[in-house]
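Those letters in the sequence shown? Residues 1 to 70, by UniProt numbering. Some notes on the structure that comes next.
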Amino acid sequence: MTDRKKPRLLSALTIPVGSLLIFLTPSAAFSKTIYYDYSTFGYLKQAQMSTGAVFDYAYDLMGNRKLMTT
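If you want it as structure tokens, here you go:
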């Protein structure tokens, strides 16, 4: 009877995929919420983060962003 080695593909993939799932799992300690406010033309006017940071955006007449304030 010959002793054949079984392919170890499943076990080789299990470790990286398992490690990847640990890093991709959302955690309450790292989660943040961002609220976006848009103009009637679809331009971003304001971004407000759950940390309290607020970013305001201003645009010129051609729609190019000319100012971002925090």
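The beta carbon of each residue, even a glycine, is placed where N, CA and C say it ideally should be.
What are the boundary residues of the beta strand (DSSP E) that includes residue i?
| i | result |
| --- | --- |
| Tyr-57 | 54-59 |
Confirm, please, whether the CB-CB distance from residue j to residue i is below 8 Å.
| i | j | result |
| --- | --- | --- |
| Gly-63 | Tyr-43 | yes |
| Gln-48 | Tyr-57 | no |
| Thr-33 | Val-54 | no |
Helix, strand or coil for residue i? Go by DSSP, reduced to three states.
| i | result |
| --- | --- |
| Thr-33 | coil |
| Thr-69 | strand |
| Tyr-43 | coil |
| Met-62 | coil |
For residue i, which beta-bridge partners are listed by DSSP?
| i | result |
| --- | --- |
| Met-49 | Ile-34 |
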